[in-house]
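The sequence shown stops at residue 267 when you use my numbering, and every number in between is there.
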Amino acid sequence: MAIDKLPLYQVDAFASTLFSGNPAAVCPLRSWIEDDVMQKIAAENNLAETAFFVPVKDHYELRWFTPLVEVDLCGHATLASAHVLYHHLGYEADEIVFQTKNAGPLKVFRQGDQLTLDFPCDELQKVTVPEGLSEALGTTLTACYKGKTDYLVVVKDQETLDQLSPDFRALAQFKVRGVIATCRSKKYDFVSRFFAPAAGVDEDPVTGSAHTSLVPYWANELNKNILNAQQRSKRGGELHCSLKSGRVFISGKATTYLVGEINIC
Numbered sequence: 003m004a005i006d007k008l009p010l011y012q013v014d015a016f017a018s019t020l021f022s023g024n025p026a027a028v029c030p031l032r033s034w035i036e037d038d039v040m041q042k043i044a045a046e047n048n049l050a051e052t053a054f055f056v057p058v059k060d061h062y063e064l065r066w067f068t069p070l071v072e073v074d075l076c077g078h079a080t081l082a083s084a085h086v087l088y089h090h091l092g093y094e095a096d097e098i099v100f101q102t103k104n105a106g107p108l109k110v111f112r113q114g115d116q117l118t119l120d121f122p123c124d125e126l127q128k129v130t131v132p133e134g135l136s137e138a139l140g141t142t143l144t145a146c147y148k149g150k151t152d153y154l155v156v157v158k159d160q161e162t163l164d165q166l167s168p169d170f171r172a173l174a175q176f177k178v179r180g181v182i183a184t185c186r187s188k189k190y191d192f193v194s195r196f197f198a199p200a201a202g203v204d205e206d207p208v209t210g211s212a213h214t215s216l217v218p219y220w221a222n223e224l225n226k227n228i229l230n231a232q233q234r235s236k237r238g239g240e241l242h243c244s245l246k247s248g249r250v251f252i253s254g255k256a257t258t259y260l261v262g263e264i265n266i267c
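Structure representation (structure tokens):
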């Protein structure tokens with residue numbers, strides 16, 4: 003029998019209260035539906051990310067879509083998926099394993115009212131600032147690194163970071179998922195912003211996957227493996243991070259905004 007309705011949840015990830023953090027849609031499935039339907043659902047939701055997962059024996063298969071494309075890794079929508087499993091679908095164990103297409107197995111641990119993501123550490127290579135990148139961001143860059151999917155750029159200070167007003171059309175021309183801008187902070191170990199217009203997200207409110215690059219970079223710079231971070235988007239969010247044995251652990255809270263049902267035919 004054809005499926006014509008699906009459950010849908012909208013969760014504010016990396017947030018302890020509503021209307022903060024990064025909103026993600028989560029769509030639990032019994033079995034996979036067509037890729038083009040998932041892409042249409044993500045476009046209709048028009049959030050930075052929509053997550054879909056399917057139960058398989060002792061784990062879940064997990065995929066993420068922006069309004070434009072499927073992506074290899076998404077932190078906040080993984081956190082949101084775990085939140086849905088714990089708070090709405092009766093999952094009881096303190097560890098969830100998500101199997102992904104391109105990021106391998108990802109684990110989420112429940113620790114009190116916080117959820118901790120266990121993600122692979124990105125490998126950064128220092129590169130010359132690509133032509134036009136400083137102009138697209140509207141500021142001079144202190145350093146530039148290339149990770150698996152993104153550029154990581156360092157700016158002078160938090161005031162410079164806060165005042166960034168990128169040319170998103172120009173930024174979308176670079177052959178990366180997005181650009182992570184970061185600097186030191188007085189209150190936190192580091193702060194950041196993330197821009198991904200090529201993926202249909204001009205600025206992402208709070209980006210767990212970007213911290214797989216940020217955490218190893220700042221752990222090396224500051225000579226410490228436990229780091230407190232803030233993403234300085236309009237909604238904003240705080241992340242508690244650590245680095246151990248080539249893995250990045252990112253902790254945060256989540257809260258449910260919407261529970262509903264969608265029609266797909």
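We put the beta carbon where it would ideally sit given N, CA and C, even for glycine.
The structure presented is a predicted model; accordingly, all values stated were derived computationally and were not measured.
Check	Outcome
Should Asp-124 go down as buried or exposed, given a rule of 16 or more other Cβ atoms within 10 Å for buried?	buried
Rounded to whole angstroms, how far is the Cβ of Ala-183 from the Cβ of Ala-82, which I believe are closer than 8 Å?	Not a contact, Cβ separation roughly 24 Å.
Just the C-alpha distance for Val-217 and Cys-267, rounded to the nearest angstrom, thanks.	43 Å
Please state whether DSSP places Met-3 in a helix, a strand or coil.	Residue confidence is low: Met-3 scores 43 on pLDDT, short of 50, so the model does not pin down where it sits. Its coordinate-derived value is still stated next. Coil, per DSSP.
Put Ala-200 into one of helix, strand or coil per three-state DSSP.	helix
Around the Cβ of Met-3, are there at least 16 other Cβ atoms within 10 angstroms (buried) or fewer (exposed)?	Low confidence applies to Met-3: its pLDDT is 43, below 50, so where it sits in the model is not reliable enough to give any reading.
Using DSSP bridges, identify the partner residues of Lys-128.	Tyr-147
Taking only the alpha-carbon atoms, compute the straight-line gap between Asp-159 and Ala-201 and give it to the nearest angstrom.	27 Å
With burial defined as no fewer than 16 other Cβ atoms inside 10 Å of the residue's Cβ, what is the status of Arg-179: buried or exposed?	buried
Once DSSP output is grouped into helix, strand and coil, what is the label at Leu-157?	In the sequence as displayed, the identity of residue 157 is Val instead of Leu. Note: Val-157 maps to coil in three-state DSSP.
Could you check if Asn-230 is buried or exposed, using at least 16 other CB atoms within 10 Å of its CB as the buried criterion?	exposed
What are the start and end residues of each continuous alpha helix (DSSP H) run of 4 or more residues lying completely inside the stretch 55-139, in chain order?	77-89, 135-139
Would you call the stretch 46-53 and the stretch 78-95 in contact, with 3 or more CB pairs under 8 Å?	yes
Am I right that Gln-101 and Glu-63 are in contact with their C-beta atoms under 8 Å? What's the rounded C-beta distance?	5 Å
When the Cα atoms are used, what is the spatial distance from Thr-19 to Ala-256?	8 Å
Who are Cys-243's beta bridge partners in DSSP?	Leu-229, Ile-252
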